[in-house]
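Below you'll find the structure, written out as structure tokens, and then a few comments.
There are 2 protein chains.
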Amino acid sequence: MANSRSGDSMTDRIVRVLDTFTTERTMQTATEIAARTGLPASSAHRIVGDLVAAGLLERDEDNRIRLGMRLWELALRGSSALRLRQAALPHMERVQTLIREHTQLAVLEHEEALFLERLSHPDAGANITRVAGRLPVHASSSGLVLLAHADPPIRERVLAGPLRAVARETVTGAATLRAMLTTIRRRGYVVAPGSIEAVSTGVAVPVRDHGEVVAALSVVLPRDSATAAAIDALLDAARAIEKDLNRSR
Amino acid sequence: MANSRSGDSMTDRIVRVLDTFTTERTMQTATEIAARTGLPASSAHRIVGDLVAAGLLERDEDNRIRLGMRLWELALRGSSALRLRQAALPHMERVQTLIREHTQLAVLEHEEALFLERLSHPDAGANITRVAGRLPVHASSSGLVLLAHADPPIRERVLAGPLRAVARETVTGAATLRAMLTTIRRRGYVVAPGSIEAVSTGVAVPVRDHGEVVAALSVVLPRDSATAAAIDALLDAARAIEKDLNRSR
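In order, the protein sequence lines correspond to chains A and B. According to numbering that gives the first Met the number 0, the first sequence is numbered sequentially starting from 0. According to numbering that gives the first Met the number 0, the second sequence is numbered sequentially starting from 0.
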């Protein structure tokens with residue numbers, strides 16, 4: 000009943016509809032959505048109609064569709080992402096006040112770093128669209144920390160490649176990467192110059208919840224900045240977040 | 000094909016499953032979920048299975064179910080809630096630094112105030128669970144601002160009642176409330192002492208996006224605090240958010 004002839008569940012088809020919305024594409028017509036899902040048009044239109052009726056999508060007066068506040072509420076209200084970012088936020092603010100650069104919180108999600116939060120200095124210009132964005136684990140400083148502490152089977156799958164060169168200096172050799180991960184676990188932080196963009200250096204540390212690494216906290220510095228102050232601020236913040244997480248469950 | 004015999008769509012049933020998760024209930028067994036949805040057990044279990052397979056729910060090693068990071072990502076990535084709270088966050092931080100009390104951002108959602116963001120002073124104690132929470136529009140200061148600027152049909156539906164007394168001082172008379180809303184539109188802010196809790200006073204101002212009121216920005220002060228500084232800080236922040244929103248689209 001819930002499955003189409005092709006064997007994907009209704010849930011899968013709803014995900015395909017929601018997945019057509021991105022940070023750059025927040026408004027679409029039902030026809031555009033249908034085309035992007037690759038589903039039969041009648042099926043896609045019916046799902047869009049159901050999602051609008053349930054409030055998960057919203058239709059404006061020009062008949063354009065956007066994600067609904069009800070979806071936001073359902074996704075966040077009971078979410079561990081919310082618990083984590085709420086515990087982290089005050090301490091991220093302190094890092095940002097000290098370091099005055101982008102301050103970020105990421106988790107491991109399907110072998111990528113998924114960004115739960117990003118603070119930018121009020122004068123640092125528009126930075127509206129990157130929360131809920133992803134970066135490869137082997138290239139971003141947050142990802143490297145998450146990968147260093149991931150379950151071994153996940154780590155091995157990533158190391159087995161392919162390891163894409165995001166920038167000229169991205170480490171793409173499995174042996175070098177494996178040695179880096181060992182160093183990250185030993186040192187408790189990573190400094191990754193130029194691995195995402197030539198002009199910047201990522202600095203990241205692990206955040207633990209009851210002993211287990213659940214997130215990475217990071218700052219993005221101009222390429223040749225001193226990193227000691229950032230490392231200290233991140234380690235202090237990570238310890239404070241861990242204390243608050245321990246209290247909260 | 001997508002509908003059950005009772006006429007609710009698969010989307011409705013998925014919403015019923017997701018809706019069993021709350022700020023206080025972030026982990027459940029599949030059996031608990033099934034009981035809370037009121038759906039036939041076999042149907043609820045199949046939906047949970049589909050949602051786990053799609054990553055919208057996650058199952059831990061003890062077979063307990065929680066909301067998945069993938070759901071969080073799909074709900075936020077293209078969301079207008081994200082655009083709004085990202086534009087607001089730096090300015091909310093400034094309000095919080097000045098006023099040192101809870102600072103909140105809310106939108107109107109189904110005749111209630113839905114809170115998109117809440118900042119608390121690092122030393123203000125645990126406040127992890129209230130983002131994505133709701134308050135009645137006629138009682139909370141944020142809600143009063145949103146109601147004052149809502150489309151007239153929505154305002155009339157709320158005024159037609161019932162208007163529940165959340166606290167002893169909640170305004171529950173339609174005529175008094177109507178006069179308050181007129182005053183709020185004229186003054187550009189509201190001060191609502193004791194309308195949610197006897198010990199506190201809410202202060203809220205509207206936030207406009209391209210001229211239209213889309214949110215309320217508020218602080219919660221101890222009951223007999225002076226309010227002038229908070230009103231000024233909120234009005235300044237609202238203007239700054241409006242400028243950033245105008246730039247961002």
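Virtual Cβ for every residue (Gly too), placed ideally from N, Cα, C. Note that this is a predicted model, so its numbers are computed, not measured.
Cβ-Cβ distance between LEU50(B) and VAL16(B) below 8 Å:
Mapped onto the second sequence, residue 50(B) falls at position 51. Mapped onto the second sequence, residue 16(B) falls at position 17. Taking 8 Å as the Cβ cut-off, LEU50(B) and VAL16(B) qualify as a contacting pair.
Reducing DSSP to helix, strand and coil, say where ASP208(B) ends up.
Within the second sequence, residue 208(B) is the residue found at index 209, counting from 1. It is a strand residue.
Straight-line CA distance for LEU234(B) to ARG186(A)?
The residue you call residue 234(B) lines up with position 235 of the second sequence. The residue you call residue 186(A) lines up with position 187 of the first sequence. The alpha-carbon atoms of LEU234(B) and ARG186(A) are separated by roughly 46 Å.
Three-state secondary structure (DSSP) at THR21(A)?
Numbered from 1 along the first sequence, position 22 holds the residue referred to as residue 21(A). Strand, per DSSP.
With a cut-off of 8 Å, does the C-beta of MET91(A) fall near any C-beta of chain B?
Position 92 of the first sequence, counted from the start, is the residue given in the question as residue 91(A). Not one chain B Cβ lies under 8 Å of MET91(A).
Contact set between THR25(A) and chain B, taken where Cβ atoms lie within less than 8 Å
Position 26 of the first sequence, counted from the start, is the residue given in the question as residue 25(A). In chain order: GLY77, SER78, SER79 and ARG82.
Does the distance from the C-beta atom of ALA203(A) to that of ALA215(A) stay below 8 Å?
Looking up residue 203(A) in the first sequence gives position 204. Looking up residue 215(A) in the first sequence gives position 216. Yes, Cβ-Cβ distance for ALA203(A) and ALA215(A) is below 8 Å.
From the beta carbon of LEU145(A), is the nearest beta carbon of chain B less than 8 Å away?
Sequence index remark: in the first sequence, residue 145(A) carries index 146 (1-based). So no, LEU145(A) is outside the interface.
Around the Cβ of VAL198(B), are there at least 16 other Cβ atoms within 10 angstroms (buried) or fewer (exposed)?
Counting from 1 along the second sequence, the entry for residue 198(B) is found at position 199. It counts as exposed.
Residues of the stretch 48 to 75 of chain B with a CB closer than 8 Å to any CB of chain A: list them in chain order, please.
ASP49, LEU50, ALA52, ALA53, GLY54, LEU55, ARG65, LEU66, MET68, ARG69, LEU70, TRP71, GLU72, LEU73, ALA74 and LEU75
At a cut-off of 7 Å, would you count ALA40(A) as near the ligand COA, judging by its Cβ distance to the nearest heavy atom?
By its list of ligands, the structure shown contains no ligand whatsoever, and the ligand COA lies outside what it can speak to.
In or out: PRO89(B) buried (at least 16 other Cβ within 10 Å) or exposed?
Here residue 89(B) corresponds to residue number 90 of the second sequence, with the count starting at 1. Buried, because 16 or more other Cβ atoms sit within 10 Å of the Cβ of PRO89(B).
With DSSP as the reference, label LEU176(B) as helix, strand or coil.
Position 177 of the second sequence, counted from the first residue, corresponds to residue 176(B). In this structure, LEU176(B) counts as helix in the three-state DSSP scheme.
Leaving out five residues before and five after ALA147(B) in sequence, what residues of the same chain have Cβ atoms less than 7 Å from its Cβ?
For the purposes of this step, residue 147(B) is taken as residue 148 along the second sequence, with counting starting at 1. Here the set comprises LEU180, ILE183 and ARG184.
Quick one: give me the first and last residue of the beta strand (DSSP E) that ILE195(A) is part of.
Walking along the first sequence from the start, residue 195(A) turns up at place 196. Here ILE195(A) belongs to no beta strand (DSSP E), and DSSP marks it neither H nor E.
Let me confirm a value: SER261(B) is counted as buried when at least 16 other C-beta atoms fall within 10 Å, else exposed. Which label applies?
The structure shown does not extend to residue 261(B), since chain B is modelled only from 0 through 248, so no value can be given for it.
Quick check on SER217(B) - is its C-beta less than 8 Å from some C-beta in chain A?
Here residue 217(B) is taken as the residue at index 218 of the second sequence, counted from 1. Closer than 8 Å: no.
Spatial neighbours of ARG58(B) within its chain, please: C-beta separation below 6 Å, excluding the five flanking residues on both sides.
Residue numbering aside, residue 58(B) sits at position 59 when the second sequence is read from its first letter. Correct list, in chain order: VAL51 and ILE64.
Boundaries of the beta strand (DSSP E) in which PRO135(A) is found, first to last residue
Here residue 135(A) refers to the residue found at position 136 when the first sequence is read from its first residue. Taken as a continuous stretch (DSSP letters only), the beta strand (DSSP E) holding PRO135(A) covers 133 to 135.
Neighbour flag for ALA29(A) against chain B, beta carbons, 8 Å:
Counting from one through the first sequence, the residue named residue 29(A) turns up at place 30. Judged by the 8 Å Cβ criterion, ALA29(A) is not in contact with chain B.
State the Cα-Cα distance for the pair HIS209(B) and ARG246(B), rounded to the nearest angstrom.
Position 210 of the second sequence holds residue 209(B). Position 247 of the second sequence holds residue 246(B). Cα-Cα distance, rounded: 10 Å.
Between the alpha carbons of THR28(B) and ASP11(A), how many angstroms are there, rounded?
The residue given as residue 28(B) occupies position 29 in the second sequence. The residue given as residue 11(A) occupies position 12 in the first sequence. The straight-line gap from Cα to Cα measures roughly 22 Å.
What is the rounded straight-line gap between the Cα of THR128(B) and the Cα of THR25(B)?
In the second sequence, counting from the first residue as 1, residue 128(B) sits at position 129. In the second sequence, counting from the first residue as 1, residue 25(B) sits at position 26. Low confidence applies here, because THR128(B) scores a pLDDT of 36, under 50, leaving its location unreliable; read the following figure in that light. Those two C-alpha atoms are separated by around 10 Å.
Closest by C-alpha distance to ARG84(A), when choosing among LEU115(A), GLY77(A), TRP71(A) and PHE20(A)
Position 85 of the first sequence holds residue 84(A). The shortest C-alpha separation from ARG84(A) is found at LEU115(A).
Among LEU118(B), GLY132(B), SER119(B) and ARG93(B), nearest to LEU107(B) - alpha-carbon criterion
Residue mapping note: residue 107(B) aligns to position 108 of the second sequence, counting from 1. Among LEU118(B), GLY132(B), SER119(B) and ARG93(B), the Cα nearest to that of LEU107(B) belongs to GLY132(B).
Inter-residue spacing [alpha-carbon to alpha-carbon] between VAL157(A) and VAL130(A):
If you number the first sequence from 1, residue 157(A) lands on position 158. If you number the first sequence from 1, residue 130(A) lands on position 131. Whole-angstrom Cα-Cα distance: 23 Å.
Which chain D residues sit within Cβ distance under 7 Å of VAL130(A)?
Annotation note: the requested chain D is absent from the structure, which comprises protein chains A and B.
Any Cβ of chain B within less than 8 Å of the Cβ of ASN245(A)?
Counting from 1 along the first sequence, the entry for residue 245(A) is found at position 246. So, not an interface residue.
Would you grab the beta carbon distance between THR19(B) and ARG35(B) for me? Rounded to a whole angstrom, and I think it's under 8 Å.
For the purposes of this step, residue 19(B) is taken as residue 20 along the second sequence, with counting starting at 1. For the purposes of this step, residue 35(B) is taken as residue 36 along the second sequence, with counting starting at 1. Between ARG35(B) and THR19(B) the Cβ distance is about 4 Å, and since that is below 8 Å, they are a contact.
Got a sec: which bits of the stretch 4 to 23 of chain A sit with their beta carbon under 8 Å from any beta carbon on chain B, in order along the chain?
SER8, MET9, THR10, ASP11, ILE13, VAL14, LEU17, ASP18, PHE20, THR21 and THR22
List the endpoints of the continuous alpha helix (DSSP H) containing LEU233(A).
Within the first sequence, the letter at position 234 stands for residue 233(A). Unbroken alpha helix (DSSP H) run through LEU233(A): 227 to 246.
Got a sec? Which residues, its chain only, sit under 7 Å from ALA236(A) by beta carbon, not counting five neighbours each side?
The residue you call residue 236(A) lines up with position 237 of the first sequence. The residues are HIS90, MET91, ARG93, VAL94 and LEU216.
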